[in-house]
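S.K.:
Residue numbers (the working numbering): 898 to 1450.
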């Protein structure tokens, strides 16, 4: 905490104050201004952004490893977020790097400057820098007397630019946290933010989609389901159809514009505005020519399955609803390998995860099974009524494809895949805890060596776990892999410490991941694990170096 106190004192004594327009190093000399003024940012980016995390100088100095991990993390329940570095923080880091103000901080400022410089130079979409032009603008009824005020001004400006996104200030300066809270800006220390993320990951909290009050909220559906479960299911179906319709509409428009340019409106099967039924029909019509060019053409069966159950079925059961959510989620994850689609995809995936969790809770509490059915208020009648308002000149043809319930084998594949997904979520939570515990810059002088040794052993265990599952996945993803290649992954997943609930054979696992849809999902997960492995290895090497410098071994 000494660094935090030194930086706070330097701000109070105005040692780091500079005119807003003054550049003082490689960060502030960069042309980080956006092509257009920030107030004219694309509405697509605006609508897809859930959270902006504003990073203070003391965090960049003291917790750089954590920031590197956070930038690339996919945190369940958060949706699309990005990191924002205020202009005054860029100035302070450039100044601190020179070593003329706080000599003890200069060596820690250098890697922080290099990290930000690399991200801005490469136009990393997960890290933004506030422009000098925006920092120069005055905020009404707010005076900037010192650098703390300029950080708060940055938060207020982005609150105005992104009113539907949650702006969070991340700082270990308690005085600045208090100022932020008084100014109605949510503020967290690094430790508190990690705790909040862990709680949301474990409890399945989500970003509220209420645009008038976009706060972190717990799942709206209680665990104890009473006689109103039918109404709850109708609400879930409605939320699912709305979320799926929004994201598939965004993907459809984006890909048609890429394929046909300005002529896309002349080509599209149904002209917008679209219902969910229209969108799914467009996907079926354009699947081979457009979407089949970059994802598996066999996924057309998923589109047909969703259309059959969401737009034609008059009854839907718990099991079917759960399967529809799974199919929707898998389809969206296939698209995630191509693009983020301006954040629509991450928001929809978060919503699908939330609804899937709710359905599973309701199913377990009510004791329903696949034979129990619910008359859907959002089935065939709704789709037909909404057709009346569509601005389309096309004549619709009746789709006579039969309704298809998932086979026992398909249900088994979903169960096996849920084990892999559960392992990934547990690794995410564990990595957050470990990165916090081995953050040497936050360790007090009165260090409990036994606690640190335990945390360091946890870091070694995390590295070993990530390497083991990554090796198993890479082995089954090699071209022309065979049944023998699945054993490493099977041994890992059937370890009692990893999974002691869902039992399956190696043959069942191989059959599951041999399916095109699961193999593609496994490829996406493999890429995420490679990123995590790189972050864990960097953290391990940094901790080893710091331990050596402190003479602990």
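Positions of the beta carbon are idealized from the N, C-alpha and C atoms, including for glycine. This structure is a prediction, so every number in the text was calculated from the model and none was measured.
#1: DSSP three-state label for residue 970, please.
#2: Tell me which same chain residues have a C-beta within less than 8 Å of the C-beta of residue 1494, skipping the five on either side of it?
#3: If the criterion is Cβ atoms closer than 8 Å, does the pair residue 958 and residue 1002 meet it?
#4: Helix, strand or coil for residue 1085? Go by DSSP, reduced to three states.
#5: Which residue spans inside the region 1385-1418 form an unbroken beta strand (DSSP E) run of at least 3?
#6: Hey, quick one: how far does the beta strand (DSSP E) through residue 951 stretch, first residue to last?
#7: Is DSSP giving residue 996 helix, strand or coil here?
#8: In chain order, which continuous runs of the alpha helix (DSSP H) of length 4 or greater are located wholly inside the region 1019-1056?
#9: To the nearest angstrom, report how far apart residue 1312 and residue 1000 are at their CA atoms.
#10: Taking DSSP as the reference, what is the three-state secondary structure of residue 1094?
#11: Please state if the CB of residue 1241 and the CB of residue 1361 are separated by a distance shorter than 8 Å.
#12: Do three or more CB pairs link the region 1352-1367 to the region 988-997 at distances below 8 Å?
#13: Among the candidates 1143, 1186 and 1217, whose CA atom is the shortest distance from the CA of residue 1244?
#14: Sort out for me which residues DSSP pairs residue 1067 with in a bridge.
#15: Name the DSSP bridge partner or partners of residue 982?
#16: If contact is defined by three or more beta carbon pairs under 8 Å, each pair taking one atom from either stretch, is the region 1058-1075 in contact with the region 898-906?
#17: In terms of residue numbering, what span does the alpha helix (DSSP H) encompassing residue 1308 cover?
#18: Could you tell me how far apart the beta carbons of residue 1088 and residue 1077 are, in whole angstroms, since I believe they sit closer than 8 Å?
#19: May I have the straight-line CA-CA distance separating residue 1427 from residue 1371, to the nearest angstrom?
#20: With DSSP collapsed to three states, give me the class of residue 965.
#21: Is it right to say residue 908 is buried, meaning 16 or more other beta carbons lie within 10 angstroms of its own, or is it exposed?
#22: Would you say the beta carbon of residue 1242 is closer than 7 Å to some non-hydrogen atom of the ligand MN?
#23: Starting from the Cα of residue 1155, find the closest Cα among 952, 984 and 1187 and give me that residue.
#24: Excluding sequence positions up to five away, which residues of its chain have a Cβ less than 7 Å from the Cβ of residue 940?
#25: Got a sec, what are the start and stop residues for the alpha helix (DSSP H) residue 1197 sits in?
#26: I'd like the span of the alpha helix (DSSP H) that includes residue 1164, first residue to last.
#27: Using only CA atoms, which one of 1185, 1036 and 1304 lies nearest to residue 1202?
#28: Just checking, does the region 1249-1261 make contact with the region 1218-1237 on the three C-beta pairs under 8 Å criterion?
#29: Which term fits residue 1402, buried or exposed, when burial requires 16 or more other beta carbons within 10 angstroms of its beta carbon?
#30: So residue 954 packs on residue 989, CB below 8 Å; how close in whole Å?
#31: Give the C-beta separation of residue 1455 and residue 1373 to the nearest angstrom, bearing in mind that I take them to be a contact with Cβ-Cβ under 8 Å.
#32: Taking the alpha carbon of residue 1150 as the reference point, which residue from 1255, 1169, 1139 and 1133 has its own alpha carbon closest?
M.R.: The relevant details are as follows:
#1: Residue state for residue 970 is assigned as coil, using DSSP reduced to three classes.
#2: Residue coverage of the chain in this structure runs from 898 to 1450, which leaves residue 1494 outside it and unanswerable.
#3: Contact flag set, yes.
#4: Reduced to three states, the DSSP call for residue 1085 is strand.
#5: Counting only runs of 3 or more, we get nothing.
#6: In the DSSP assignment, residue 951 falls within the beta strand (DSSP E) that extends over 948-952.
#7: The three-state secondary structure of residue 996, taken from DSSP, is coil.
#8: Entirely contained in the region 1019-1056, the alpha helix (DSSP H) runs reaching 4 residues are, in chain order, 1029-1033.
#9: So the alpha carbons of these two residues sit roughly 56 Å apart.
#10: The answer is helix: DSSP assigns residue 1094 an H, G or I state.
#11: The answer is no: Cβ separation not under 8 Å.
#12: They do not touch, by the three-pair rule.
#13: Selected option, being the one with the closest Cα: 1143.
#14: Paired residue(s): 952 and 1085.
#15: DSSP output for residue 982 lists 1026 as bridge partner(s).
#16: Contact between the region 898-906 and the region 1058-1075 is present, because at least three Cβ pairs lie under 8 Å.
#17: 1305-1334 is the span of the alpha helix (DSSP H), which, as asked, contains residue 1308.
#18: In this structure residue 1088 does not touch residue 1077 by the C-beta definition: roughly 16 Å separates them, more than the 8 Å allowed.
#19: Roughly 10 Å between the two C-alpha positions.
#20: Helix, per DSSP.
#21: Buried, since its Cβ has 16 or more Cβ neighbours within 10 Å.
#22: The model depicted lacks the ligand MN and carries no ligand whatsoever.
#23: Residue 1155 has its Cα closest to that of 1187, out of 952, 984 and 1187.
#24: Unreliable placement is indicated for residue 940, whose pLDDT of 39 sits below 50; no coordinate value is reported for it.
#25: Element bounds for residue 1197: 1197-1204.
#26: 1161-1164 is the extent of the alpha helix (DSSP H) around residue 1164.
#27: The shortest Cα separation from residue 1202 among 1185, 1036 and 1304 belongs to 1304.
#28: With a cut-off of 8 Å, the region 1218-1237 and the region 1249-1261 count as touching, because enough Cβ pairs lie within range.
#29: With fewer than 16 Cβ atoms within 10 Å of its Cβ, residue 1402 is classed as exposed.
#30: Sure, about 5 Å apart at Cβ, within 8 Å.
#31: Since the first and last residues shown for the chain are 898 and 1450, residue 1455 lies out of range.
#32: Of 1255, 1169, 1139 and 1133, the residue nearest in Cα terms is 1169.
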